[in-house]
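Numbering (the numbering used here), first residue to last: 7 to 194.
All C-beta atoms, glycine included, are put in the ideal place defined by N, C-alpha and C.
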Ligand code: GRF
């Protein structure tokens, strides 16, 4: 039985798309049971629907965070989701949500954690004069970008790099890393 993965997105969802594409392989240990978003207009939602993947959108506007998260939680559970991958989901999950799904949420972050938690990672790597950047897949805990790192990919920083050119190369690695690490994580 393939494990049922739910993916949370807020925008273009290119990492979500990489996870969906990888799930087309017959030996992939997971299937994408739901793509959910806090942004009904998220580009990735329409793409996921075009691939025949179930989608769910709930704006958090005008409601308490707990109510918003309860709706997401219900949609995930109704879809039979066993594990969650965050893919450019731009909201902090509450401690209650993280505890309800403890050890069953992963995220992809565009830095070599524990370096550069939070935002603006590529500019910070360039300002620091780093020679290597990259991305990390980690378990989500109550503390931002601080859970166990399950896998990383490195990208060499070139002298002519800007945050944008670096982001583009790192994103390419994210698309290779995330499906591989999620598959290993769910197969264990
Ligand atoms: C990626 O850079 C990812 O590392 C970060 O948010 C961005 C999401 O991009 N968590 P996409 O929506 O998957 O294209």
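| Query | Result |
| --- | --- |
| As assigned by DSSP and simplified to three states, the class of residue 6 | Shown here, the chain extends from 7 to 194; a query on residue 6 therefore has no answer. |
| Helix, strand or coil at residue 123 [DSSP, three-state] | coil |
| Extent of the continuous alpha helix (DSSP H) run through residue 105 | 101 to 106 |
| Meets three-Cβ-pair contact criterion under 8 Å: the region 13 to 27 and the region 48 to 56 | yes |
| Beta-bridge partners of residue 59, as assigned by DSSP | Beta-bridge pairing links residue 59 to no other residue. |
| N-terminal and C-terminal residue of the alpha helix (DSSP H) that residue 170 is part of | 169 to 193 |
| Host alpha helix (DSSP H) of residue 26 (start-end) | 20 to 28 |
| Residue 71, DSSP secondary structure in three states | helix |
| Endpoints, the beta strand (DSSP E) within which residue 15 is located | 9 to 15 |
| Reduced DSSP category for residue 162 - H, G, I as helix; E, B as strand; rest coil | strand |
| From 69, 123, 84 and 176, residue whose alpha carbon lies closest to that of residue 11 | 84 |
| Touch test, the region 168 to 186 against the region 113 to 133, Cβ-Cβ under 8 Å, three pairs minimum | yes |
| Simplified DSSP state of residue 98, which is helix, strand or coil | coil |
| Distance cut-off 8 Å: residue 114 Cβ against heavy atoms of the ligand ATP | This structure does not include the ligand ATP; its bound ligands are the ligand GRF. |
| Where residue 140 falls, given that 16 or more other Cβ within 10 Å makes a residue buried | buried |
| Any non-hydrogen atom of the ligand GRF within 8 Å of residue 15 CB | yes |
| Buried/exposed call for residue 188, threshold 16 Cβ in 10 Å | buried |
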